[in-house]
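Please read the structure below before turning to the comments.
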Amino acid sequence: MKQKINQTKNRLNQKLNFFIVQTFKTVIKPFSRFFRKIFELANIQGAFGVFIFLSVISLVVLPTSLSAIQTAIDTRYTKNQVALDEIIKTEKTLRLPLASYIITQKFHILHPGIDFAAPKGAPIYPVMDGKIISVGYSRFGYGNHVVVQHKNGLTSLYAHLSKIEVKPGETVTKQAIIGLVGSTGWSTGPHLHFEIRQEGIALNPKGFFEAYYGERLASKK
122 MKQKINQTKN RLNQKLNFFI VQTFKTVIKP FSRFFRKIFE LANIQGAFGV
172 FIFLSVISLV VLPTSLSAIQ TAIDTRYTKN QVALDEIIKT EKTLRLPLAS
222 YIITQKFHIL HPGIDFAAPK GAPIYPVMDG KIISVGYSRF GYGNHVVVQH
272 KNGLTSLYAH LSKIEVKPGE TVTKQAIIGL VGSTGWSTGP HLHFEIRQEG
322 IALNPKGFFE AYYGERLASK K
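So in my numbering, the last one in the sequence shown is 342, and the numbering has no gaps at all.
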């Protein structure tokens, strides 16, 4: 009798464990990703200002489907493409933010930038000359991050830094080290999260760099 009870308990435990795993995969994990993006969007308010925050929320929350959201993003991206092309033609001081890298996360619907995998402590450089307009820390989003203002209405953001080497108001060149690669904030390992915006609108950094250099950037297969 006792053996049968134990067997029944084991079967119930196995079913419970299976239920918990499936629940995590189908419900908790997607919600975790969703709330991570909400935290990141909230950090945009602090890093780039209220107007940009509201415009991003309008893209993410108001449309009724993912395809509608993507269409809205594509439309805004297209409107800025002509001006972006002109900037690329005239800007002669563009560089990559890391000496070596591989892109592990691309620009997409809820990820307004790209992720560069790099060793912890690797130096990070501004992609163009500019002025530091914000430095900060967020536990549930960017971690240690720096925002640089450039010409032509461009701003760039560098996130998850292990150390920040600059202060707000400083003028920096593309040779200056503004921070070190880390894994602060909501991060699973050392990398640099990089964003670039024109007049507050997120641009695809990969396309931005490839248009300038005329070659594809290395991405994780």
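Glycine included, every Cβ here is placed at the ideal spot set by N, Cα and C. Source: prediction; values computed, not measured.
Other residues of its chain near R337: CB distance less than 8 Å, five sequence neighbours each side excluded: E331
Alpha carbon of P218 to alpha carbon of I245, nearest angstrom: 5 Å
Same chain, Cβ closer than 8 Å to K241, five either side skipped, listed in chain order: S283, L301, V302, G303, S304, P311
Distance, Y334 Cα to L280 Cα: Looking at the sequence shown, residue 280 is not Leu but Ala. Roughly 23 Å separates the two Cα atoms.
Rounded Cβ spacing between W307 and G262 (contact assumed at less than 8 Å): 6 Å
Helix, strand or coil at F237 according to DSSP, with G and I counted as helix: strand
Per DSSP, the bridge partner or partners of K284: L301
Nearest-angstrom Cα separation, counted from H314 out to I224: 10 Å
Three-state secondary structure assigned by DSSP to E316: strand
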